[in-house]
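Protein chains in written order, with our numbering: chain C, 44 to 402; chain Y, 49 to 302.
Backbone N, C-alpha and C fix where the C-beta goes; we use that ideal spot for every residue, glycine too.
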Amino acid sequence: MIYKVISKPEFKSFIDAIVKANTAYGPKQVDTGCKGEPVYQFMPVHAADEIAFDYTATHSSAKHLFLPFRDELSKFSFTDGNWEQEVRYDAPPIVLIGLRPCDINAVNILDDVMLHGPYPSPYYLARRKNTFIIGMDHLPLPDCFCKSMNRHTVNHGFNLFCSDIGDRYYLSINSANAFSFLKEFKLEEPSYEDNCNLIERRKKIKHSFTTNIEVTGLPVFLDIEFNSPIWEKWGDKCLSCGTCAMVCPTCYCYSVEERFDIDLKGSTRQNHLYSCNLVDFAQVAGGHNFRPKNGDRLKYRYYHHYRGFAANDNQQICVGCNRCGRACLADINPKDVINDLRLERESCMTCVSTSPDKT
Amino acid sequence: MNHLGFELTRVLIGSFDFTCCEGCQLQLANKEATLPEFLALVDIRNFREISSERLDDYDIALVEGSITRSDEIERLKAIRARAKVLVAFGTCACFGGVNSLKNRIPQEELVREVYDGKVIETMPSMRIGDIVQVDLSIPGCPVSKDEVERIMVGLVTRSAATLPKYPVCVECKQQLNTCLFDLGEICLGPITRAGCDAVCPTGKTACLGCRGPAEDINYPSFVQLVKDKELSAADMREKLSLYNGFGGYLDQEN
């Protein structure tokens with residue numbers, strides 16, 4: 044890692060140049076909500092002026108730029124009695140600006156799932172390798188809980204990371220590409236004061252979190268609570284609409300579908316992002332549904348996120364961005380569900396009695 | 049037609065309209081980009097927007113519209129007797145559609161208002177399934193051309209042809225739309241069957257549920273949502289009843 048500082052106007056010129064020379068995505072205000080709040084999304088940007096550098100959080104994550112909601116896996120063409128398969132992995136290079144540390148951590152988690160397992164995904168790899176990530180820190184929103192998940196800082200998985208230290212950005216340069224792009228611009232070595240400002244900034248971010256979730260020992264806790272009535276309670280609220288999984292930066296479960304061309308001369312195999320909350324997620328051939336109840340489906344989403352599945356080395360995949368909580372129309376959010384789960388057990392008289400002395 | 053070594057036959061199609069705007073059938077007729085391929089896939093025996101032939105030897109009957117007259121009942125029963133597969137085609141056929149709005153008002157009053165007292169035979173709007181057995185429903189006002197093509201290909205190749213079971217929200221979120229509830233509107237997306245690519249919310253218009261309820265919807269939670277957002281329950285009921293797709297849920301409430 045190489046550290047430099049850059050003035051904010053110079054940084055803007057750098058972003059402007061990189062955005063104009065590449066296909067770029069960055070946070071943009073796309074709407075104003077009914078309470079006057081701005082709504083942001085990662086959208087295509089063509090000039091630095093279009094980017095909302097001081098955005099709060101995007102409604103949806105940037106996941107779809109790595110795992111498109113619908114992706115063509117292969118194309119088949121049929122000829123007399125025979126067929127050919129065409130597979131394409133190529134992904135045009137893109138620049139992705141303004142990811143928060145939690146979002147970059149989310150991409151790192153996707154790397155673990157998509158690249159480090161027994162069957163690495165070449166589709167994901169192509170996009171990941173061809174994405175230039177510029178991260179930016181921010182003061183947490185009242186409902187951000189990435190610190191609880193220990194995802195509020197990031198030290199890899201980006202090309203460039205910018206910390207706001209007042210009138211300039213403190214840059215962590217993490218790739219040769221980023222370094223050579225920046226060569227054209229006026230950078231300075233961090234001064235003693237810049238270093239102090241960076242530490243101050245980090246402290247400030249760390250101490251600004253107002254939402255904390257106790258996740259210590261949560262995997263074991265979840266195993267114990269498999270039959271807890273709280274799943275049914277929250278499941279009764281769940282609309283099974285899949286919104287949480289769509290906006291989530293790490294939900295990666297998908298469904299595969301074959302589609303014939305209307306002339307029957309070819310077909311495509313596509314995968315599309317699915318959600319474990321959708322009614323037929325666990326429905327199998329013959330019609331049996333392993334998880335017909337809302338609460339069961341909701342539970343499995345929480346298990347995947349906070350207990351971990353073997354496919355992702357049993358690590359928790361939630362990064363604490365609370366996009367699911369903000370987007371949920373039924374007002375279901377990780378903080379309340381996990382607290383409810385803990386409360387239910389911790390108020391249990393047997394559990395709060397003194398543990399036996401060590402023998 | 050030979051497909052991967054299997055001999056396929058073109059399916060014989062008849063398309064019929066009852067009380068409707070014929071807009072669903074028009075969706076098929078005017079999709080010029082794939083019309084030749086579509087017509088190669090099917091054998092049109094009876095489809096007045098496409099052909100002047102009137103043949104009765106069809107296997108699949110697409111039935112558009114709702115039933116509002118006694119002669120329509122007879123005609124529908126005759127179609128049912130001839131067809132191997134009867135498809136309720138479009139929202140009117142599936143649920144009664146906008147025609148069902150008239151069911152709220154006494155008939156004499158309606159005839160007086162619309163026909164100025166002329167003698168008109170009419171009755172409350174009924175869905176196709178109220179009269180005959182329906183084998184397959186393709187909802188939508190209008191139907192989605194892509195979906196119909198996919199289902200037709202499924203019928204020809206004898207592979208599964210299904211509708212999404214999940215609600216519109218999935219497709220809406222995939223378009224990165226701002227949730228209409230965040231913009232202060234009641235949208236039926238969370239309880240309406242997907243498959244339309246969330247075309248209305250993408251155009252910033254609330255979903256009015258033309259595709260009817262998704263599978264196993266959580267209606268009480270939806271009602272609670274409208275309440276929590278302090279939106280009008282009357283507006284919600286108005287939207288739910290527009291296409292008559294949520295009749296069962298509305299009745300429960302009363």
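Counting only beta-carbon separations shorter than 7 Å, does residue i have a partner in chain C?
| i | result |
| --- | --- |
| Y/K213 | yes |
| Y/G243 | no |
| Y/V191 | no |
| Y/C69 | no |
| Y/T82 | yes |
| Y/E263 | yes |
| Y/E122 | no |
| Y/E161 | no |
| Y/E197 | yes |
Taking the alpha carbon of residue i as the reference point, which residue from the options has its own alpha carbon closest?
| i | options | result |
| --- | --- | --- |
| C/K51 | C/D155, C/M179, C/K78, C/Y68 | C/M179 |
| Y/A81 | Y/E197, Y/D91, Y/S207, Y/Q155 | Y/E197 |
| C/P144 | C/K249, C/Y235, C/G79 | C/K249 |
| C/V263 | C/I49, C/R385, C/I58 | C/R385 |
| C/Y132 | C/K118, C/W126, C/G124 | C/K118 |
| C/C281 | C/T293, C/Q359, C/R334, C/R340 | C/R340 |
| C/S298 | C/F112, C/F96, C/S206 | C/F112 |
| C/E301 | Y/S280, Y/S207, Y/E286, Y/L236 | Y/S207 |
| C/F204 | C/Y46, C/N314, C/S310 | C/Y46 |
| C/H89 | C/D114, C/V62, C/M289 | C/V62 |
| Y/Q75 | Y/I92, Y/I61, Y/E195, Y/A129 | Y/E195 |
| C/N376 | C/R211, C/Y349, C/D304 | C/Y349 |
| Y/G251 | Y/G243, Y/A141, Y/T67, Y/N225 | Y/N225 |
| C/H199 | C/S271, C/I216, C/R244, C/N173 | C/I216 |
| Y/D178 | Y/F137, Y/S114, Y/P154, Y/E156 | Y/S114 |
| C/F352 | C/K226, C/V156, C/L110, C/I177 | C/V156 |
| Y/D65 | Y/T240, Y/T139, Y/Q223, Y/G232 | Y/T139 |
List the residues of chain C that residue i touches, going by C-beta distances under 8 Å, in chain order.
| i | result |
| --- | --- |
| Y/Q222 | H107, F112, R113, M289, L316 |
| Y/D276 | D374 |
Kindly say whether residue i, judged by its beta-carbon, lies nearer than 7 Å to any beta-carbon of chain Y.
| i | result |
| --- | --- |
| C/G285 | yes |
| C/A67 | no |
| C/I305 | yes |
| C/V62 | no |
| C/D59 | no |
| C/L321 | yes |
Under 8 Å Cβ-Cβ, which residues of chain Y neighbour residue i?
| i | result |
| --- | --- |
| C/V82 | T226, D230 |
| C/V73 | L224, T226 |
Under 7 Å Cβ-Cβ, which residues of chain Y neighbour residue i?
| i | result |
| --- | --- |
| C/A373 | S269, L273 |
| C/G76 | D230, L231 |
| C/S103 | K221, L224 |
Return the bridge partner residues of residue i from the DSSP annotation.
| i | result |
| --- | --- |
| Y/L134 | Y/A109 |
| C/A100 | In DSSP, C/A100 forms no bridge with anything. |
| C/A67 | C/V88, C/V138 |
| C/F352 | Per DSSP, none; premise fails for C/F352. |
| C/W274 | DSSP output for C/W274 lists no bridge partner at all. |
| Y/M174 | Y/I115 |
| C/D114 | C/N314 |
| Y/R102 | Y/N94 |
| C/C77 | Answer is none; C/C77 lacks a bridge partner. |
| C/G309 | C/S120 |
| C/N332 | C/Q326 |
At 9 Å on the CB atoms, spell out the chain C contacts of residue i, in chain order.
| i | result |
| --- | --- |
| Y/C248 | Those do not exist, as Y/C248 stays about 16 Å from chain C at its closest Cβ, beyond 9 Å. |
| Y/S201 | Note that residue 201 of chain Y is Val in the sequence shown, not Ser. The contacting residues are R302, F303, D304, I305, L307. |
| Y/L89 | I305, D306, L307 |
Determine the chain C residues that contact residue i at a beta-carbon separation under 7 Å, and present them in chain order.
| i | result |
| --- | --- |
| Y/N266 | C281, L282, S283, N337 |
| Y/E85 | I305, D306 |
| Y/P238 | L282, C284, L372 |
| Y/T217 | Correcting the residue identity first, residue 217 of chain Y is Cys in this sequence and not Thr. By Cβ distance, chain C contributes C284, G285, T286. |
Which residues in chain Y have a C-beta closer than 9 Å to the C-beta of residue i? List them in chain order.
| i | result |
| --- | --- |
| C/H89 | None at all; the shortest Cβ gap to chain Y is about 17 Å. |
| C/S117 | The contacting residues do not exist; C/S117 stays about 16 Å from chain Y at best. |
Quiz item: Does the pairing of the stretch 111 to 123 of chain Y with the stretch 340 to 352 of chain C give three or more beta-carbon distances under 8 Å?
Solution: No, the stretch 111 to 123 of chain Y is not in contact with the stretch 340 to 352 of chain C.
Quiz prompt | Inter-stretch contact at 8 Å, needing at least 3 Cβ pairs: the stretch 241 to 260 of chain Y / the stretch 292 to 300 of chain Y | solution = Contact holds: three or more Cβ-Cβ distances are below 8 Å.
Quiz item: Does the stretch 274 to 290 of chain C touch the stretch 173 to 191 of chain Y, meaning 3 or more C-beta pairs lie closer than 8 Å?
Solution: Because the criterion of three Cβ pairs below 8 Å is not met, the stretch 173 to 191 of chain Y and the stretch 274 to 290 of chain C do not touch.
Quiz prompt | the stretch 319 to 339 of chain C contacting the stretch 88 to 107 of chain Y, beta-carbon criterion three pairs below 8 Å | solution = They do not touch, by the three-pair rule.
Practice problem: Would you check if the stretch 188 to 200 of chain C and the stretch 67 to 87 of chain C touch, i.e. whether three or more CB-CB distances between them fall below 8 Å? | Solution: These segments do not touch.
Quiz item: On the three-pair Cβ rule with 8 Å, is the stretch 162 to 173 of chain C touching the stretch 219 to 231 of chain C?
Solution: Put simply, the stretch 162 to 173 of chain C does not touch the stretch 219 to 231 of chain C. Fewer than three CB pairs are less than 8 Å apart.
Practice problem: Determine, using beta-carbon pairs with one atom in the stretch 360 to 370 of chain C and one in the stretch 260 to 270 of chain Y, whether at least three such pairs fall under 8 Å. | Solution: Here the stretch 360 to 370 of chain C makes no contact with the stretch 260 to 270 of chain Y; the two share fewer than three CB pairs at distances below 8 Å.
Self-check item: Any 3 or more C-beta pairs closer than 8 Å across the stretch 220 to 239 of chain C and the stretch 182 to 191 of chain C
Solution: Judged by pairs of C-beta atoms under 8 Å, the stretch 220 to 239 of chain C does not touch the stretch 182 to 191 of chain C, as fewer than three such pairs exist.
Exercise. Could you tell me whether the stretch 59 to 79 of chain C touches the stretch 90 to 105 of chain C, where touching means 3 or more Cβ pairs closer than 8 Å?
Key: Touching, per the Cβ criterion.
Quiz item: Given 8 Å as the limit, is there contact between the stretch 107 to 121 of chain Y and the stretch 152 to 162 of chain Y, that is, 3 or more CB pairs closer than that?
Solution: The stretch 107 to 121 of chain Y and the stretch 152 to 162 of chain Y do not touch, with fewer than 3 CB-CB distances between them shorter than 8 Å.
Self-check item: Contact the stretch 167 to 181 of chain Y vs the stretch 200 to 218 of chain Y: 3+ CB pairs below 8 Å
Solution: By the Cβ rule, the stretch 167 to 181 of chain Y does not count as touching the stretch 200 to 218 of chain Y, because fewer than three pairs are nearer than 8 Å.
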